[in-house]
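> Taking our numbering, the leading residue of the sequence shown gets 352, the next gets one more, and so forth. Structure provided below as structure tokens; questions to follow.
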Amino acid sequence: MRVKEGGSTTSEMGKKKKNKVTDYHNTSDEETQKSKGCPHKDNSVNFSGVKKGIKNCAHPLGTCSLCQSSSKKSAAAVEDDSNESPYEPTVWICLQCGSQGCDRNSKEKHALSHVEAPRSQSHALALSLATWQVWCYKCDERYPRAVGRNSQSVPNG
């Protein structure tokens, strides 16, 4: 028989259950960071903002908004570099506002410049439209995928 008294649970023998307390003073900042996960996740995701950004975008989903704006300049650059194999940049979508930008390996790095632009809100997390992986630009690492019965299996790119 269990009786709940004043917020503590007691068993038949009168022993109190102890809550596990982590001593953060004896762990390194890196260990604490890994146990808590990405600190930007709570302030960098706004699904209504993403939906609005995609809906109001004049460019098709999967194309860099800024590269499309300067497509004439890009077309001329491609003609000049016809001897090189063309690099097809991956498009990343900001999980705060829905802005689409080319990856950090592209010449323009529009997704990275979007994150680095000063704003009142954090735009640290982006979703790759090629691999469906989430990247935190502030932590500079891939965001771990959800594991659970409701999570969908997404193949690694």
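Even glycine gets a Cβ: it sits at the ideal position worked out from N, Cα and C. Since this is a predicted model, take the numbers as computed values, not measurements.
Would a C-beta distance cut-off of 8 Å place alanine 445 and alanine 477 closer than the cut-off?
According to the sequence provided, residue 445 is cysteine. The question's alanine does not apply to it. Against a cut-off of 8 Å, the Cβ pair of alanine 477 and cysteine 445 comes out as a contact.
> Starting from leucine 463, trace the alpha helix (DSSP H) in both directions and tell me its first and last residue.
Counting along the chain, the alpha helix (DSSP H) containing leucine 463 begins and ends at 461–467.
> Decide if glycine 449 is buried, meaning its Cβ has at least 16 other Cβ atoms within 10 Å, or exposed.
Glycine 449 comes out buried.
> So, at 6 Å on beta carbons, what are the nonlocal neighbours of serine 479 in its own chain, with the 5 sequence-adjacent residues on each side left out?
Contacts found: Thr441 and Trp443.
> Please state whether DSSP places tyrosine 438 in a helix, a strand or coil.
The answer is coil: DSSP assigns tyrosine 438 none of H, G, I, E or B.
> Enumerate in chain order the residues of its own chain whose CB-to-CB distance from asparagine 394 is below 6 Å, with the five nearest sequence positions on each side excluded.
So the list reads Ser473, once near-sequence residues are dropped.
> Is it the case that the Cβ atoms of tyrosine 488 and alanine 475 are separated by a distance below 8 Å?
Going by C-beta atoms, tyrosine 488 is nearer than 8 Å to alanine 475.
> Hey, out of Glu459, Val466 and Ser457, whose CA is closest to tryptophan 486's CA?
Cα-wise, what sits closest to tryptophan 486 is Val466.
> Spatial neighbours of isoleucine 405 within its chain, please: CB distance less than 7 Å, with the 5 preceding and 5 following residues excluded, ordered by chain position.
Result list for isoleucine 405: Leu412 and Gly449, in chain order.
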